[in-house]
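Throughout, the numbering used here is defined as the position within the sequence shown, counted from one, plus 1201. Just so you know, even glycine gets a beta-carbon here, dropped at the ideal spot from N, CA and C. Just so we're clear, the structure is a prediction, and the values are computed from it rather than from any experiment. Only one structure is covered here, and it is reproduced in the block below.
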Amino acid sequence: AGIADTLALGILCEAYGQGVPTAVLPAVNSFLARHPAYVESLARLRAMGVRVSSATPHTPKSGETAVFPWEEALELLAPERAE
């Protein structure tokens, strides 16, 4: 179970409930990505039909700045992927 304690999370939860195609593009460091709760959360989202990006976690405290992958976000939500 999760907590939708922000407007953004509340909207995403309702969108899923309404059947709106949803994509998730996590931006996390490799330490967080190894946490069992993170791994389980992604597995649960995939099982729900949420489309999860192939983003690679960044190295902690590396100062790496990534450009948001808009093309991948749009591809994840492309009409031909709709079920």
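For residue i, collect the residues of the same chain with a Cβ closer than 7 Å to its Cβ; drop the 5 residues on either side in sequence, then sort them by chain order.
{"i": "residue 1277", "result": "1224, 1252, 1254"}
{"i": "residue 1265", "result": "1259"}
{"i": "residue 1211", "result": "1205"}
Counting along the chain, where does the alpha helix (DSSP H) carrying residue i start and finish?
{"i": "residue 1275", "result": "1271-1277"}
{"i": "residue 1218", "result": "1208-1218"}
Just to confirm my understanding: we take residue i, look at its own chain, exclude 5 residues before and 5 after, and list those with CB closer than 8 Å. What are they?
{"i": "residue 1216", "result": "1223"}
{"i": "residue 1257", "result": "none"}
Counting only the same chain and skipping the five closest in sequence on each side, list residues whose C-beta sits under 6 Å from that of residue i.
{"i": "residue 1273", "result": "1254"}
{"i": "residue 1243", "result": "1253"}
Our contact map puts residue i next to residue j with C-beta atoms below 8 Å; I'd like the distance itself, whole angstroms only.
{"i": "residue 1233", "j": "residue 1239", "result": "6 Å"}
Inset, instruction - Decide yes or no for the touch test of the region 1223-1231 against the region 1251-1269: beta carbon pairs closer than 8 Å, at least 3 of them. - result: They touch, by the three-pair rule.
Inset, instruction - Would you list, in sequence order, the uninterrupted alpha helix (DSSP H) runs of no fewer than 4 residues that lie entirely inside the region 1229-1268? - result: For the region 1229-1268, the continuous alpha helix (DSSP H) assignments of 4+ residues that do not extend past its boundaries occur at 1231-1234, 1237-1248, in sequence order.
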